[in-house]
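K.L.:
Got a structure for you, written out below as structure tokens; questions coming shortly.
Number of protein chains: 2
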Amino acid sequence: MTISPRQIARAWERERPGTPTGSIEIVTPILRLAKLFADDRARVLRRAGIDSATLDLLSTLRRSGPPYRLGTRELAARTLVTAGAISQRVARAEERGLVVRTPGDGRRAVEVSLTAEGHTLVESSVDQVLGREAALVADLRPAEREALVTLLDTLTQGVRRRVTSS
Amino acid sequence: MTISPRQIARAWERERPGTPTGSIEIVTPILRLAKLFADDRARVLRRAGIDSATLDLLSTLRRSGPPYRLGTRELAARTLVTAGAISQRVARAEERGLVVRTPGDGRRAVEVSLTAEGHTLVESSVDQVLGREAALVADLRPAEREALVTLLDTLTQGVRRRVTSS
DNA sequence: CGTCCTACGTTTAGGGCTAAACATACAGGA
DNA sequence: TCCTGTATGTTTAGCCCTAAACGTAGGACG
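If you read the sequences in order, they're chains A and B. The C-terminal residue of the first sequence carries number 203 in our numbering, and the numbering is unbroken. The C-terminal residue of the second sequence carries number 203 in our numbering, and the numbering is unbroken.
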């Protein structure tokens, strides 16, 4: 039913000879896989009473270790979203009692801390997400998995360098 | 500055021994690469006067070959978004004169066709996007690239099977 | 025929994100 | 001391998407 990246490249070559199709077989499957993972994660989390954006915030705080507190710039850098998005995520999470905003020490910083309630919610949802995703990638054999990790790492480094330098 | 997927996995193991971290080094880089590609594509397209969603629609029609016309279900299947999203994409594109909706033959079908204006816009933007993305993945050597394509394909098949069967 | 019922496209409500406009705190120089 | 520039967090406007509610058009069947 779905058209494969290779078929997409062939279709462009047929319809517009000369189209630079070289990247399609790399970029398209990555975009599609990301959507499959994201949609599936959203489904799992809906049952757990949380959404991906909030879990991303709480996980980052939880993973940072005691005292489970980070500044907003640090949060933005670690979650790859803009400062405005962090501001909104924190506002929503604070509304639900999952985090609290406290004035930090330096300059005009604001620090975000995990509450007991937020801590409980992370604990109960992280394993569900990671367990499910482990099942989704389960039929990659160890050697394949290792090779894929290495290649994705190489690609990420190259893309990041070229993106940020423009 | 940014934390690597491996560091994320290690942090979970340190903070919560027993957390199933096996999938992190696969899923996280895929989500991040997708975001890097999507954001970069959005920047390129903004200058070209179009957005990713509209280009996705127009490209699908363009690639399908003459008469550059497809039904809405077909469009939904090929672009991996919901029927509601297609309806909105088509409405926006029609407003701009890039496509037209025409009553189809069977049942109650609606067919979407590329206009001359839409055709022109695709032609001028596709090469910019694909050219840019070819540059982004350029430092993958041929052997690496081939291996990555194969692994992504294997992974996609597995994930798709497990996602749709639930 | 008339009545379900199913398939299908559209509309609506709500959520998330980005970019840009704002507001403000602090630092350093004149 | 005052002023200006810069860094930082928040708010707003505008997109896009999904899920679910809607409104129908055609069949299937009694």
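Just so it is clear, CB atoms sit at the ideal spot from N, CA and C, and this is done for glycine as well. Since the model is a prediction, treat every value here as computed from it, not as a measurement.
How about residue 91 of chain B: is its C-beta nearer than 8 Å to some C-beta of chain A?
P.N.:
Walking along the second sequence from the start, residue 91 of chain B turns up at place 54. For residue 91 of chain B, the answer is no, since every Cβ of chain A falls outside 8 Å of its Cβ.
K.L.:
Could you name the residues of chain B that residue 60 of chain A contacts, counting a contact when the two beta carbons are closer than 8 Å?
P.N.:
The residue you call residue 60 of chain A lines up with position 23 of the first sequence. Chain B residues near residue 60 of chain A: 167, 170, 171, 173, 174.
K.L.:
As a quick exercise: from B:180, B:195, B:171, pick the residue whose alpha carbon is nearest that of residue 195 of chain A.
P.N.:
For this step, residue 195 of chain A is matched to residue 158 along the first sequence. When each option's Cα is compared against that of residue 195 of chain A, the closest is B:171.
K.L.:
Check the C-beta distance from residue 126 of chain B over to residue 90 of chain B and give it rounded, since I have them as a contact under 8 Å.
P.N.:
As a position in the second sequence, residue 126 of chain B is number 89, starting the count at 1. As a position in the second sequence, residue 90 of chain B is number 53, starting the count at 1. The Cβ separation is near 6 Å, so the contact holds.
K.L.:
Between which two residues does the beta strand (DSSP E) holding residue 108 of chain B run?
P.N.:
Looking up residue 108 of chain B in the second sequence gives position 71. Taken as a continuous stretch (DSSP letters only), the beta strand (DSSP E) holding residue 108 of chain B covers 106-108.
K.L.:
Evaluate residue 86 of chain A with the Cβ neighbour count: other Cβ atoms within 10 Å of its Cβ, from every protein chain shown; 16 or more gives buried, anything less gives exposed.
P.N.:
Locating residue 86 of chain A in the first sequence gives position 49, where the first residue counts as 1. Exposed, by the Cβ-count rule.
K.L.:
Tell me whether residue 97 of chain A is buried or exposed, calling it buried when 16 or more other Cβ atoms sit within 10 Å of its Cβ.
P.N.:
Along the first sequence, read from residue 1 onward, the residue named residue 97 of chain A stands at position 60. Its Cβ being crowded by 16 or more others within 10 Å, residue 97 of chain A is buried.
K.L.:
Which residues mark the beginning and the end of the alpha helix (DSSP H) in which residue 64 of chain A is found?
P.N.:
For this step, residue 64 of chain A is matched to residue 27 along the first sequence. 61-85 is the span of the alpha helix (DSSP H), which, as asked, contains residue 64 of chain A.
K.L.:
For residue 106 of chain A, which residues in the same chain have their Cβ closer than 6 Å to its Cβ, ignoring the five residues on either side in sequence?
P.N.:
To locate residue 106 of chain A, count along the first sequence from 1; it is residue 69. Taken in chain order, the residues that qualify are 148, 150.
K.L.:
State the DSSP-derived secondary structure class of residue 138 of chain B, mapped to helix, strand or coil.
P.N.:
The residue given as residue 138 of chain B occupies position 101 in the second sequence. Looking at residue 138 of chain B - three-state DSSP - the assignment turns out to be strand.
K.L.:
So, for residue 43 of chain A: in the same chain, excluding its five sequence neighbours on each side, which residues have a beta-carbon less than 7 Å away from its beta-carbon?
P.N.:
The sequence position of residue 43 of chain A within the first sequence is 6, counting from 1. Hits under 7 Å: 62.
K.L.:
Assuming residue 226 of chain B and residue 163 of chain A make a contact with CB atoms under 8 Å, what is their CB distance in whole Å?
P.N.:
Limits of chain B in this structure are 38 at one end and 203 at the other, which puts residue 226 of chain B out of reach.
K.L.:
In the DSSP assignment, find the beta strand (DSSP E) that holds residue 151 of chain A and state where it starts and stops.
P.N.:
Sequence index remark: in the first sequence, residue 151 of chain A carries index 114 (1-based). Counted as a single uninterrupted DSSP element, the beta strand (DSSP E) harbouring residue 151 of chain A occupies residues 147-151.
K.L.:
Going along chain A, which residues have a C-beta under 8 Å from residue 71 of chain B?
P.N.:
Counting from 1 along the second sequence, the entry for residue 71 of chain B is found at position 34. Those are 67, 68, 70, 71, 72, listed as they occur along chain A.
K.L.:
Indicate whether the contact test is met: 3 or more Cβ pairs, each with one atom in the segment 171-184 of chain B and one in the segment 67-75 of chain A, closer than 8 Å.
P.N.:
no
K.L.:
Report yes or no: is there a C-beta of chain B within less than 8 Å of the C-beta of residue 190 of chain A?
P.N.:
Counted from its first residue, the first sequence places residue 190 of chain A at position 153. Residue 190 of chain A counts as touching chain B.
K.L.:
Do you know whose CA, among B:112, B:74, B:78, B:64, lies nearest residue 75 of chain A's CA?
P.N.:
Looking up residue 75 of chain A in the first sequence gives position 38. Of the listed residues, the one whose Cα sits closest to residue 75 of chain A is B:64.
K.L.:
Closer than 9 Å by beta-carbon distance: list the chain B residues that pair up with residue 195 of chain A, in chain order.
P.N.:
Here residue 195 of chain A refers to the residue found at position 158 when the first sequence is read from its first residue. Simply 173, 174, 175, 176, 177.
K.L.:
Taking just the CA atoms, how far does residue 189 of chain A sit from residue 101 of chain B?
P.N.:
Taking the second sequence and counting its residues from 1, the one referred to as residue 101 of chain B is at position 64. Taking the first sequence and counting its residues from 1, the one referred to as residue 189 of chain A is at position 152. Approximately 31 Å, taken between the alpha carbons.
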